[in-house]
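Just below is one structure, and these are the notes that go with it.
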Amino acid sequence: MPESRFAPFGRFRRSHEFWLLIVILALCASLGVANAQFLTMQNLFDLLTSYAFVGILALGLLVVLIAGGIDISFTATASVAQYVTLSVANAYGANWISVFAIAIGVGGVLGALNAMLIQKLRIPSIIVSVATLNIFYGLLIFFTGGKYIYSLPDWFATGIFWLEFEWGKDTSYGANLQILALAVSFLVTWLLLNRTNIGRQIYAMGDNADAAQRLGFHIFGLNMLVYCYMGVMAGIASLVQAQLAQSVAPTVLVGKELDVVAAVVLGGASLMGGVGTVLGTFLGLALLAILQNGIILLGVSSYWSPFFVGLVILISVSATARSQRKRRTPSARP
Amino acid sequence: MAKVGIELDPVTKVSELSIAGRQLVAICRALAADAKLLIMDEPTASLTRHEVNALIKLVSDLKRSGICVVFVSHRLDEVLEIAERVTVLRDGAKVGTFAAATIDGRKLSHLMTGKAFEYQIQAPDLAPGAVVLEVQGLGRDGDYDDVSFQLRAGEVVGLTGLLGSGRTELALSLFGMNPPDRGSIALDGRRIALNTNAEAIHRGIAYVSEDRLTLGLILDQSISANVTLTVLERLAGAFGLIGARARQSHVARWVAELGIKVSNPDNPVKTLSGGNQQRVVLAKWMATNPRVLILDSPTVGVDIGAKDGIYEIIRRLAREGVAVLMISDEIPEVLFHSHRVLVMREGRLTTDVTAADTSEDALRQAVNA
Amino acid sequence: MKDAPALSLRRRIVHLAGSGTIATLILLLVALWVVFAITIGERFFSVNTLQSIAFQMPELGILSLAMMLALLSGGLNLSIIATANLAGLTIAFVLTRYIPGSEGIAWVGVQVLAIAAGFAVAALVGLVNGFVIAYLGVSPILATLGTMTLCKGLAIGLTRGNVISGFPEPIVFIGNGTVFGVPFALIVLALCALPVAITLNATPFGTKVYMIGSNEKATRYSGVDTRAVLLKLYVLSSLLAGVAAVVMLARFNSANAAYGESYLLVTILAAVLGGVDPFGGFGKVSGLLLALIILQVISSAFNLLNLSQFLTLAIWGGILIAVAAVPYLRGKTRR
Numbered sequence: 101m102p103e104s105r106f107a108p109f110g111r112f113r114r115s116h117e118f119w120l121l122i123v124i125l126a127l128c129a130s131l132g133v134a135n136a137q138f139l140t141m142q143n144l145f146d147l148l149t150s151y152a153f154v155g156i157l158a159l160g161l162l163v164v165l166i167a168g169g170i171d172i173s174f175t176a177t178a179s180v181a182q183y184v185t186l187s188v189a190n191a192y193g194a195n196w197i198s199v200f201a202i203a204i205g206v207g208g209v210l211g212a213l214n215a216m217l218i219q220k221l222r223i224p225s226i227i228v229s230v231a232t233l234n235i236f237y238g239l240l241i242f243f244t245g246g247k248y249i250y251s252l253p254d255w256f257a258t259g260i261f262w263l264e265f266e267w268g269k270d271t272s273y274g275a276n277l278q279i280l281a282l283a284v285s286f287l288v289t290w291l292l293l294n295r296t297n298i299g300r301q302i303y304a305m306g307d308n309a310d311a312a313q314r315l316g317f318h319i320f321g322l323n324m325l326v327y328c329y330m331g332v333m334a335g336i337a338s339l340v341q342a343q344l345a346q347s348v349a350p351t352v353l354v355g356k357e358l359d360v361v362a363a364v365v366l367g368g369a370s371l372m373g374g375v376g377t378v379l380g381t382f383l384g385l386a387l388l389a390i391l392q393n394g395i396i397l398l399g400v401s402s403y404w405s406p407f408f409v410g411l412v413i414l415i416s417v418s419a420t421a422r423s424q425r426k427r428r429t430p431s432a433r434p
Numbered sequence: 290m291a292k293v294g295i296e297l298d299p300v301t302k303v304s305e306l307s308i309a310g311r312q313l314v315a316i317c318r319a320l321a322a323d324a325k326l327l328i329m330d331e332p333t334a335s336l337t338r339h340e341v342n343a344l345i346k347l348v349s350d351l352k353r354s355g356i357c358v359v360f361v362s363h364r365l366d367e368v369l370e371i372a373e374r375v376t377v378l379r380d381g382a383k384v385g386t387f388a389a390a391t392i393d394g395r396k397l398s399h400l401m402t403g404k405a406f407e408y409q410i411q412a413p414d415l416a417p418g419a420v421v422l423e424v425q426g427l428g429r430d431g432d433y434d435d436v437s438f439q440l441r442a443g444e445v446v447g448l449t450g451l452l453g454s455g456r457t458e459l460a461l462s463l464f465g466m467n468p469p470d471r472g473s474i475a476l477d478g479r480r481i482a483l484n485t486n487a488e489a490i491h492r493g494i495a496y497v498s499e500d501r502l503t504l505g506l507i508l509d510q511s512i513s514a515n516v517t518l519t520v521l522e523r524l525a526g527a528f529g530l531i532g533a534r535a536r537q538s539h540v541a542r543w544v545a546e547l548g549i550k551v552s553n554p555d556n557p558v559k560t561l562s563g564g565n566q567q568r569v570v571l572a573k574w575m576a577t578n579p580r581v582l583i584l585d586s587p588t589v590g591v592d593i594g595a596k597d598g599i600y601e602i603i604r605r606l607a608r609e610g611v612a613v614l615m616i617s618d619e620i621p622e623v624l625f626h627s628h629r630v631l632v633m634r635e636g637r638l639t640t641d642v643t644a645a646d647t648s649e650d651a652l653r654q655a656v657n658a
Numbered sequence: 179m180k181d182a183p184a185l186s187l188r189r190r191i192v193h194l195a196g197s198g199t200i201a202t203l204i205l206l207l208v209a210l211w212v213v214f215a216i217t218i219g220e221r222f223f224s225v226n227t228l229q230s231i232a233f234q235m236p237e238l239g240i241l242s243l244a245m246m247l248a249l250l251s252g253g254l255n256l257s258i259i260a261t262a263n264l265a266g267l268t269i270a271f272v273l274t275r276y277i278p279g280s281e282g283i284a285w286v287g288v289q290v291l292a293i294a295a296g297f298a299v300a301a302l303v304g305l306v307n308g309f310v311i312a313y314l315g316v317s318p319i320l321a322t323l324g325t326m327t328l329c330k331g332l333a334i335g336l337t338r339g340n341v342i343s344g345f346p347e348p349i350v351f352i353g354n355g356t357v358f359g360v361p362f363a364l365i366v367l368a369l370c371a372l373p374v375a376i377t378l379n380a381t382p383f384g385t386k387v388y389m390i391g392s393n394e395k396a397t398r399y400s401g402v403d404t405r406a407v408l409l410k411l412y413v414l415s416s417l418l419a420g421v422a423a424v425v426m427l428a429r430f431n432s433a434n435a436a437y438g439e440s441y442l443l444v445t446i447l448a449a450v451l452g453g454v455d456p457f458g459g460f461g462k463v464s465g466l467l468l469a470l471i472i473l474q475v476i477s478s479a480f481n482l483l484n485l486s487q488f489l490t491l492a493i494w495g496g497i498l499i500a501v502a503a504v505p506y507l508r509g510k511t512r513r
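Rendered as structure tokens:
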């Protein structure tokens, strides 16, 4: 029986993303009322810029989660990518293309390492990523002594500014490096997951790896792709962060994993695999950003921010798990 | 989908489909892959007669367009209808390949089981005792409806039907894992409500799952741990501790009673053969002193030689006064080892006869029609 | 058929030895001693080294026990450090706020109350973990990640990152005192390890935990209330974190929201090295304790060699990978 034209909307209405949207709109409305500063172009622009780092990483993590794995070593990967790329750029000179190439390369290699350890040695992905987090980070600090890099190439420090437009009192806004990178990452990830065969295979593998294998999917190749993708995202995110902070700080990124995880699980991705959407991740990121921003704007000490993040993570995963359980209990059983 | 003869909305989640629906989707996928060689493993397990006919016609079409089809099934009539050549495997070895025209169902069955199967009713002719379990008008939305029957002490009742007919769902309801929406279950004449399987076990109802490897046993754990899993609290002594001796003697007793071939009870249970594994499962449940034992496909994955051993245990259970409900796909198995036979179709109980009053063909009709 | 008594004796020994894991660990320990004795020499054998090991081990050991419990059930408890810190801060708060100036009944009472409060907080976190994991069906990794952030967030929010310090004598004794030359903290570890070992080996609860770790669904089908078992397990795990909190706060004579964060990796490492299967279902306390000793020996050696703490972290990571890969390398993979 063919569904009516409005059926897709009905399905959306029941989805996780819909509820997220409601919560976000409600939050925006109440925050907008409570604090005039919230709904300003400047604030929103700043928010988007400062959360680009988390957002890009969240996209990488989303792909990993959908594939049924997990990775928390990406902050270490990002730190390494950042340091290597900008050291090379400072020493030998570079341009935008080469700088991104190096970062992506480093990130990809470290991601591939994760994949090899998980697949070839048959170690649970959580344990591998806890281990590699410490290996990458430990070695980075050991070899670099934890020194910051303050002098960046001029062109890098200046950044990018496309699509300028005017808004309000003579201030111009546009897509800076952060926003551009975030947008491109969203686009690429969306294309990968929704428009390619590989994307479907990733969803399948995450839901039922055995069946996927029997269908002839190249499990090892898919996993390699997925973790490399995470690494690549980490590389891109690291440059975005370095440009924003105008420095490379090897010790600062590790510890931010939780924000990324929060964004992704808020968006409805599950550790079980096979579940999660780019839209959901975007909404999750938005919710996280608004929440943390709201805390600051309302005058609550930022010391309380982690607490709220944790609370939100717990509530969100509980809700996701409950709705998943209802879905996974088939009414017709063999 | 049109080729296979079904109409489904492509956006539906597979988990929302019935078993038959899922099987048809899998068939569609196989066809979409444009294969030259198509291997179908038990494709008709949950299809109705009508759907099976459609599938057989489909296979004929495929044959005519040059695709080679390997049709794996234990349904002899379907095999003979579809195939040009039939290969018989038994206990992991090839028995032979024959032109379909030269053999019939009886010969095939003989080749499959290795015995000149003397078709006779093997259930002990004990006069079954009092009614232990009485089910009245039991229904659960989406699974089954209006099911009523009785189980007597010492009686072996066979239950058969297509996959998806509601047999396992019914069994799970009796075991407290699938609470029904209406109707009643009475034990010894008293109505009971079963909300968890722990309650069911406490009242003496035990369930041997058809999925031995993932639900019946914990493969990586020791034989000893698996056997004692249902009676841990009983084995505990002072301070709630289970002594090694108590554990060992419990295991030894059941190993001896059920003739389980074990070299070391601390070995993982996955090292045992299928038949021995099933005995471990039976030991686990018999230790709970059940009054009603529900066996779901008890001889699946058990080789021919060991099946008899399982039947002997079932007979022994009946002799000891346990009411046995044996669910099975194999009509001969159900017919020749039960006192009475129940057939379920699309969630309803359509037949309830004594084994002596019916035949294999009649049952097949009732199941597949 | 062999001789029945002789067979059971041999089986008993093999059973105790944990099918080779314990034997391997003992060999490893001896080998390490030899290597370090040669490379570091005199300093390694000093009483100081031994003593420092004996003092550092207990808190790590108790935390590792907490992690092990979660691992056995096929899960993970990432919140143990954060729970310990939160519990520690609770105890510290009660102690510094309510402790009367002079010794007496009230003085003792407040200390007992403080510790009880810490345990209560830890148990509460355990309840949240257990409930979310067992009854809501959330993956243990995500659930404990959530409670970890929650606990840490609460701790930071309340203390703004400050340290609370200055505790009465008896408390400090727990972490730093000795009884007949044996550090009291070590005794606390033993007092935790023994009941946990007995529970796991010889109670219905223990057997159920192992079975759930290997196959939760099948265990449920056998009539076990897996949800109740998991709830109890995570409460136990968090309670152990609470005990660790007491030891930590006693040893440092202070409490803080961010202590011991690098311990998380080491507790997982100790468990896996000690023979705990990261997929769940297998592992013994004896193995864990041996693994801890090995890790402490390595750690002390690193200290004496003046190895950078970051290099140490990287090495721990490498060892974890190596150890977790052993089952595969030995060809005994289950997956």
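In order, the protein sequence lines correspond to chains D, Y and L.
When we follow our numbering, the leftmost residue of the first sequence carries the number 101, and every step to the right adds one.
When we follow our numbering, the leftmost residue of the second sequence carries the number 290, and every step to the right adds one.
When we follow our numbering, the leftmost residue of the third sequence carries the number 179, and every step to the right adds one.
Note that beta-carbon positions come from the ideal geometry of N, C-alpha and C, so glycine has one too.
Computed from a predicted model, the values in this text were never measured in an experiment.
Please go through the same chain and pick out, in chain order, the residues whose beta-carbon is closer than 7 angstroms to the beta-carbon of residue i, but skip the five residues on each side of it.
i	result
Y:Arg-653	Ile-620
D:Gln-278	Thr-149, Ala-152, Val-340 and Leu-344
L:Ile-446	Met-245 and Leu-498
L:Val-450	Pro-456, Leu-498, Val-501 and Ala-502
D:Ser-173	Asn-214, Ser-229, Thr-232, Leu-233 and Phe-236
So for residue i, helix, strand or coil by DSSP?
i	result
L:Tyr-399	helix
D:Asn-276	strand
Y:Glu-423	strand
Y:Gln-439	strand
D:Leu-121	helix
Y:Ile-481	strand
Y:Ala-382	strand
D:Leu-388	helix
Y:Pro-299	coil
L:Pro-361	strand
Using DSSP's beta-bridge definition, name the partner residues of residue i.
i	result
L:Cys-329	DSSP lists no partner for L:Cys-329.
Y:Val-630	Y:Gly-447 and Y:Val-642
Y:Lys-352	Its beta-bridge partners do not exist; DSSP assigns none.
Y:Pro-469	Y:Pro-469 pairs with nothing; no bridge assigned.
L:Ser-432	L:Ser-343
Just the chain D side, please: which residues come within less than 8 angstroms of residue i by C-beta, in chain order?
i	result
L:Ser-464	Per Cβ cutoff of 8 angstroms: no residues; L:Ser-464 is ~22 angstroms from chain D at best.
Output yes if chain A places a C-beta closer than 9 angstroms to the C-beta of residue i; else output no.
i	result
L:Tyr-399	Structure shown: chain A not included; protein chains present are D, Y and L.
In chain L, which residues lie less than 9 angstroms from residue i when you measure between Cβ atoms?
i	result
D:Pro-253	In chain order: nothing, as chain L lies at least about 28 angstroms away.
Which bits of chain D does residue i rub up against, with CB to CB less than 9 angstroms?
i	result
L:Thr-217	Neighbours of L:Thr-217 on chain D: none; closest Cβ ~20 angstroms, over 9 angstroms.
Skipping 5 residues on each side, what residues in its chain have a beta carbon closer than 8 angstroms to that of residue i?
i	result
L:Ala-267	First, the residue type needs correcting, since residue 267 of chain L is Leu and not Ala in the sequence shown. These residues qualify, in order along the chain: Ala-333, Leu-336, Thr-337, Ile-342, Ala-433, Asn-434 and Ala-435.
Note down, in chain order, every chain L residue with its Cβ under 8 angstroms from the Cβ of residue i.
i	result
Y:Asn-486	Arg-398, Tyr-399 and Gly-401
With residue i and residue j assumed to form a contact (beta carbons below 8 angstroms), what rounded beta-carbon distance in angstroms separates them?
i	j	result
D:Val-417	L:Gly-308	Going by Cβ atoms, the distance from D:Val-417 to L:Gly-308 rounds to 15 angstroms, so no, they are not a contact pair.
D:Leu-161	D:Val-364	5 angstroms
L:Ile-240	L:Val-421	5 angstroms
Could you name the residues of chain Y that residue i contacts, counting a contact when the two beta carbons are closer than 7 angstroms?
i	result
L:Ala-380	Leu-530 and Ile-531
Looking at residue i and the ligand HEM, is the gap between the Cβ and the nearest heavy atom below 8 angstroms?
i	result
Y:Met-290	Because no ligand of any kind appears in the structure shown, any question about the ligand HEM cannot be addressed here.
Who are the near neighbours of residue i in its chain, counting only those whose CB is closer than 6 angstroms to its CB and skipping five residues on each side?
i	result
Y:Val-420	Gln-439 and Arg-441
Closer than 8 angstroms by beta-carbon distance: list the chain Y residues that pair up with residue i, in chain order.
i	result
L:Tyr-388	Gln-510 and Ala-514
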